[in-house]
Amino acid sequence: MEQVVDAPCPTCGDDEGLRLRTHIDDIPYFGEHTQVTLLCLACGWRQTDLIPAEAQTPTGWTLALSEREHLTARVVRSTACTVRIPELDLEVAPGASSTGYVSNVEGVLQRFVDVLDIVERDVVAHGDREEERPLWTT
1 MEQVVDAPCP TCGDDEGLRL RTHIDDIPYF GEHTQVTLLC LACGWRQTDL
51 IPAEAQTPTG WTLALSEREH LTARVVRSTA CTVRIPELDL EVAPGASSTG
101 YVSNVEGVLQ RFVDVLDIVE RDVVAHGDRE EERPLWTT
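The numbering of the sequence shown is the working numbering, which starts it at 1 and goes up by one.
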């Protein structure tokens, strides 16, 4: 289901392109979840959350990648989840801009690569001097 949201985009300020999309899905081993996505058609900004139909006890999962097939393992991340790759010293912790998603291990790794690309472009564009950097960090 998609609805028009009567509010400006928090990123670009567009008044007409904000949409709310909801989708209910039964995720194996995780149960029924509602995916709620707020999306701006003008600039592409999005905020996604996965809401379980039933309250669940917080859990922790660890996957040791030893075979290529492990890259296809399903990953369900809620907005309250922390994703860690200790071998690469990478971590995504929950926060105000945290998003939930359903992906696979390869997709999670690609998300890290995408963020590192953004950081690299920022360093190239603004230099490595502290005073030239924007106030936000990724």
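Where is the CB? At the ideal position from N, CA and C, for every residue including glycine.
Just so you know, these numbers come straight off a predicted model, no measurement behind them.
In the three-state DSSP reduction, Val36 falls in the strand class (E or B). By the 16-neighbour rule on beta-carbons within 10 angstroms, Gly100 is buried. Going by DSSP, Glu106 is part of the alpha helix (DSSP H) stretching over Val105 to His126. Taken through DSSP and simplified to helix, strand or coil, Pro52 comes out as strand.
Residue range Leu18 to Ile27 is occupied by the beta strand (DSSP E) that includes Thr22. Judged by DSSP in its simplified three-state form, Glu2 adopts strand.
Counting only runs that start and end inside the stretch 59-111, the beta strand (DSSP E) elements of at least 3 residues fall at 74-77, 83-85, 90-92 and 101-104.
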